[in-house]
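Below: the structure, in structure tokens.
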Amino acid sequence: MPKLYGWVREVVPESPADRAGLQPGDLIRTINGHLIRDLIDYKFYVADEELLVGFDRQQEQREVRINKTIDENLGVLFGEEPAPFIRQCANKCVFCFIKGLPERFAAQPGLEHGMRASLYIKDDDYRYSFLFGNFITLTNLKELDWQRLDEQKLSPLYVSVHTTDPELRRKMVDGPRAGDIIGHIKRLGDMHISCHTQLVLCPTINDGEQLARSIRELTELRPIVESISVVPVGLTKYNNMIKTGDLPPLRHFTREEANAVIEQVEVYQRQFEAADPEGNPFVYLSDEWYFLTQREFPPARHYGTYAQIENGVGMTRFLIDQWERARRRLPTSLPEPQRVTLVTSKMALPVIEELAEDIRRIEQVEVQVLPVINRFFGAEVTVAGLLCGQDVLATLQENNPGDLVILPRVMLDNDGVRFLDDMTVEEFKAQIPARVEFVRNAPEAIDAIRSLAGITPVGAGRKLIRLQSRL
């Protein structure tokens, strides 16, 4: 019996669902005869104008007919978003994030918390790829999954390729059908489904000539493949220098090697930009390469629609430009002296320092930029998204946090409740003698500063882009 999805948590007043009599606690089982297994099913089948909704209420099976316009929302919110049954990954990728975690739930010396339990769920779920841009390998799809993709045309997907060399991909991914990535992408194309791809580079393994081959062969799959991102492998102290099979040990890129990768990729970018009417480079470098080499970030036009921004591609340029547009809203002075602390990662320190200079121009404001060293995962892990609550807390307690502490929202889980080490926001705030604000972008940071001057933030209707920020 298929597992079902649709426990109704809330019904929007005056919506079609409300007018039809649906209530919180109902279990939506079918729409027009189709089982509702997850949010993908719901969104696909609810798009019709005429709906026959089958649901359970207090163990009694019922049906209701609902008429709505094709672009009208049914008006129900579910208790489990987006899908309670995650497709588990059978791969054993050499650089899998799970290998970079400590023993499950184990607290580290000086850190009382273990890790957030959800981090140990190894997923390779095409539904998450379509909904949130999660990268999948395509190796864990069963035939029923392919049929569902064909039926529902879930496009675009985000695909982890790493290498197009079949033998090397089998070694790197070590999963079912890992060597047939070209065939899998062609099958997506036959279904009129496109994809964005990524190559996670490991030094001396899939860079150099292997990188050239991967770019060349993925280019031949355009327009099925809409873009390629080139990302350096991310390692913690738990999986750095791990050796798998006959592959060289995993390690970080040196600055010289990173420069070589940039120069190699830029050759392809110039070729694609010259051939594309819109100057699309097709192959993108993630922000880490520019931080590692201390090179200038490309302009906004280089990133086009920022299709892979949540993979760290163009995130820094977006932040810089966003701040440039929003900084005019900063107040010129405050009614009384205030101390503001901007918490950031080691990698982003130079960029955040530049932004802080604008805040320092406000009269009666003192600003400190506080980079946090990652003791939990190791000092070589320099991104904000992998900072644990107790590392951040310890750094703030060693320094005067002042009156307002601004932190990147990406440190927390999707609900904004917990850090990676399972510390809750409430636990964190209780130990900081200052107002604490977690922000997703430049406008939210500026709103927090404006509030010190008693200025009401702009309306909640402002469009926000969810950035899984590495800053």
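According to the numbering used here, the stretch in the sequence shown is residues 565 to 1035, in order.
Quick reminder that beta carbons are idealized off the backbone N, C-alpha and C, glycines included.
Here the structure is a predicted model, which means the values were calculated and not measured.
Excluding residues up to 5 positions away in sequence, Pro845, Phe846 lie with their Cβ nearer than 6 Å to the Cβ of Phe836 in the same chain.
Within the same chain, Cβ atoms closer than 6 Å to the Cβ of Leu641 are found at Arg573, Glu574, the five residues on either side in sequence being excluded.
Between the beta-carbon of Ala948 and that of Ser897 there is about 30 Å, and that puts the pair past the 8 Å contact cut.
The DSSP-derived three-state label of Asp612 is coil. Residue state for Asn823 is assigned as helix, using DSSP reduced to three classes. Taking Phe855 as reference, the option from Asn875, Met911, Val825 with the minimal CA-CA separation is Met911. About 13 Å separates the beta carbon of His816 from that of Val764, a gap too long to meet the 8 Å contact definition. Collapsing the DSSP output to three states places Asn875 in a helix. His756 sits exposed, since fewer than 16 C-beta atoms from the chains shown fall within 10 Å of its C-beta.
According to the DSSP assignment, Arg903 belongs to the beta strand (DSSP E) that extends over 897-909.
Rounded to the nearest angstrom, the Cβ distance from Ile700 to Ser724 is 7 Å, consistent with a contact under 8 Å. DSSP, read as helix, strand or coil, puts Gly1018 in coil. About 6 Å separates the Cβ atoms of Ala920 and Leu906, confirming a contact at the 8 Å cut-off.
For the 7 Å CB-CB criterion, Leu951 and Met975 form a contact. One thing to note: Ser579 has its Cβ no nearer than 7 Å to the Cβ of Gly618. The residues Gly953, Val956, Leu957, Phe983, Val1000, in chain order, have a CB closer than 8 Å to that of Phe992 in the same chain once the five nearest residues on each side in sequence are set aside.
CA-to-CA, the gap between Leu968 and Trp887 works out to about 19 Å. C-alpha of Trp571 to C-alpha of Val904: approximately 44 Å in a straight line. Looking at the DSSP output, Cys759 sits in a beta bridge with Leu721, Val789.
Under the three-state reduction of DSSP output, Phe882 falls in the helix class.
As computed with DSSP, Tyr848 is found in a beta bridge with Ser793. If you compare the alpha carbons of Pro730, Thr869, Arg859 with that of Val915, the shortest gap goes to Arg859. For Ile746, the uninterrupted alpha helix (DSSP H) run begins and ends at 745-754, by DSSP. CA-CA distance, Glu821 to Leu782, rounds to 23 Å.
One alpha carbon belongs to Glu830, the other to Ile745, and they sit about 25 Å apart. In the DSSP assignment, Val956 falls within the alpha helix (DSSP H) that extends over 953-961. Counting the other CB atoms within 10 Å of its CB gives Gly747 a total below 16, which places it among the exposed residues.
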